[in-house]
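Report on the following structure.
Residue numbers (the working numbering): 19 to 250.
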């Protein structure tokens, strides 16, 4: 997956969104509403909606310059399409916008459905980012806050400053984390946690930005959630 237009802060935003969704009530409607609204704000959209459709996702994707769509693959479900729009007078969506949304919908599709009930996570201590995952429990306590800050997009020097550690110690801890999770880079580590999988997920490249006419969901579609920045 090409992520060349994304910054570490973008990845941190998506991980925080994933953590927020994980703490929502066990309601698919509530989870999808929060995801749609959050992604709309992250890319500066005017309107956004999420809808199911019986047709194949490839025939639905509309990448008009002012329309951003991304499919969500859900096992044994209809195709779920996330759509974000801008007004014609606004700037078009760029590659960063598309990579951001496609990264979330491809690697965090599990967040669009209700998970099995899990025990409540322990609160983060002062200075830590509240990103919770059962795999945190596998780690020695000294590595957990470092992992949280790295996943939130902090550079190693920032982690050292926030946690009161030396840069050398943080660098050594980062190497231990890479070894523990069998990854070779922070990008792989972030994608592994964003996907919710215990192994590095296989994924396809984002849909290309091809010019197609605007369209709204067909009559057979079921709108799950729609939001507008001018609404309440």
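Virtual Cβ for every residue (Gly too), placed ideally from N, Cα, C.
Simplified DSSP assignment, three categories, for residue i
i: residue 201; result: coil
i: residue 84; result: coil
i: residue 89; result: strand
i: residue 111; result: coil
i: residue 23; result: coil
i: residue 45; result: coil
i: residue 40; result: helix
i: residue 152; result: helix
i: residue 182; result: coil
i: residue 106; result: coil
i: residue 166; result: helix
i: residue 33; result: helix
i: residue 28; result: helix
i: residue 51; result: helix
i: residue 58; result: helix
i: residue 160; result: coil
i: residue 64; result: coil
i: residue 119; result: helix
i: residue 188; result: helix
i: residue 177; result: helix
i: residue 126; result: coil
Proximity of residue i and residue j at Cβ, strictly below 7 angstroms
i: residue 174; j: residue 188; result: yes
i: residue 52; j: residue 39; result: yes
i: residue 44; j: residue 132; result: yes
i: residue 122; j: residue 86; result: no
i: residue 182; j: residue 29; result: no
i: residue 90; j: residue 37; result: no
i: residue 113; j: residue 23; result: yes
i: residue 119; j: residue 83; result: no
i: residue 61; j: residue 103; result: no
i: residue 71; j: residue 97; result: yes
8 angstroms contact criterion, which residue i and residue j should meet: CB distance rounded
i: residue 101; j: residue 67; result: 5 angstroms
i: residue 157; j: residue 168; result: Wrong, their Cβ atoms sit about 12 angstroms apart, outside the cutoff.
i: residue 33; j: residue 56; result: With a Cβ gap of about 12 angstroms, residue 33 and residue 56 do not count as contacting.
Cβ neighbours of residue i in the same chain (closer than 7 angstroms, five flanking residues each side left out)
i: residue 161; result: 191, 194 and 195
i: residue 21; result: 117, 121 and 205
i: residue 31; result: 60
i: residue 140; result: Caution is warranted here: a pLDDT of 48 is assigned to residue 140, below 50, making its placement in the model unreliable, and no coordinate value can be reported.
The ligand HEM heavy atom lying under 6 angstroms from the CB of residue i
i: residue 119; result: Ligands displayed in this structure: none; no statement on the ligand HEM is therefore possible.
8 angstroms Cβ shell around residue i - same chain, five flanking residues per side excluded
i: residue 218; result: Confidence at residue 218 is low in this model, with a pLDDT of 30, below 50, so the placement of that residue is unreliable and no value is reported for it.
i: residue 184; result: 178
i: residue 42; result: 48, 49 and 52
i: residue 17; result: Missing from the structure shown is residue 17; the chain here goes from 19 to 250 and no further.
i: residue 27; result: 171
i: residue 105; result: 64 and 84
i: residue 92; result: 98, 127, 130 and 131
Sequence-distant residues of the same chain with beta carbon closer than 6 angstroms to residue i, five excluded per side
i: residue 154; result: 162
Neighbour flag for residue i against chain C, beta carbons, 7 angstroms
i: residue 189; result: Looking for chain C here will not work: only one protein chain is present.
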